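S.K.:
In my numbering, the protein residues as written are 88 to 200.
1. Please identify the residue among 164, 160, 143, 192 whose C-alpha is closest to the C-alpha of residue 131.
2. Using 7 angstroms as the threshold, is the C-beta distance between residue 126 and residue 90 below it?
3. Taking the beta strand (DSSP E) that residue 142 belongs to, which residues open and close that run?
4. What are the boundary residues of the alpha helix (DSSP H) that includes residue 105?
5. Leaving out five residues before and five after residue 193 in sequence, what residues of the same chain have Cβ atoms less than 7 angstroms from its Cβ?
6. Taking residue 190 as the reference, give the member of 146, 157, 134, 177 with the closest Cα.
7. I need the straight-line Cα distance from residue 160 to residue 188, nearest angstrom please.
8. Is it buried or exposed for residue 99, if we count other Cβ within 10 angstroms and need 16 for buried?
9. Residue range of the alpha helix (DSSP H) that residue 118 falls in?
In structure tokens:
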């Protein structure tokens, strides 16, 4: 069953900011959306939160560093056919996602439910 992919406001704002510096981010996010729409769930599941949260690594062709210096997207598979893109960040600009950031994501998800 095809899934609907929604971009939460925080994701849209961060994507817009990243697009100014890394124009290729849009193409990589589009590829991810296509994969999610056909029911692929790439990335690593973030355990211990009670939600189906995933973190996926995307390459950054603008930086030519592959996935290690690429982008990270956190998404929430609310239902089998509904996925929310919650946040995106550049690994070269930010380190690993902090527990406080995950808590903020969970608050955003609670607003979606």
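For each residue, glycine too, the CB sits at the ideal point set by N, CA and C.
All figures in this text were calculated on a predicted structure; none of them were measured in a lab.
M.R.: In short:
1. By 1-based counting over the chain shown, the position of residue 131 is 44. When only C-alpha atoms are compared, the closest one is 143.
2. Reading the chain shown from its first residue, position 39 is the one you call residue 126. Reading the chain shown from its first residue, position 3 is the one you call residue 90. Cβ atoms of residue 126 and residue 90: closer than 7 angstroms.
3. If you number the chain shown from 1, residue 142 lands on position 55. Start and end: 140–145.
4. Residue mapping note: residue 105 aligns to position 18 of the chain shown, counting from 1. Counting along the chain, the alpha helix (DSSP H) containing residue 105 begins and ends at 96–108.
5. Taking the first residue of the chain shown as position 1, residue 193 is located at position 106. So the qualifying residues of the chain are 136, 138.
6. For the purposes of this step, residue 190 is taken as the residue at position 103 of the chain shown. Closest by alpha carbon: 134.
7. To locate residue 160, count along the chain shown from 1; it is residue 73. To locate residue 188, count along the chain shown from 1; it is residue 101. Near 13 angstroms, if we compare the C-alpha coordinates of residue 188 and residue 160.
8. To locate residue 99, count along the chain shown from 1; it is residue 12. Exposed, since its Cβ has fewer than 16 Cβ neighbours within 10 Å.
9. As a first step, residue 118 is located in the chain shown; it is residue number 31 there, counting from the start. For residue 118, the uninterrupted alpha helix (DSSP H) run begins and ends at 112–124, by DSSP.
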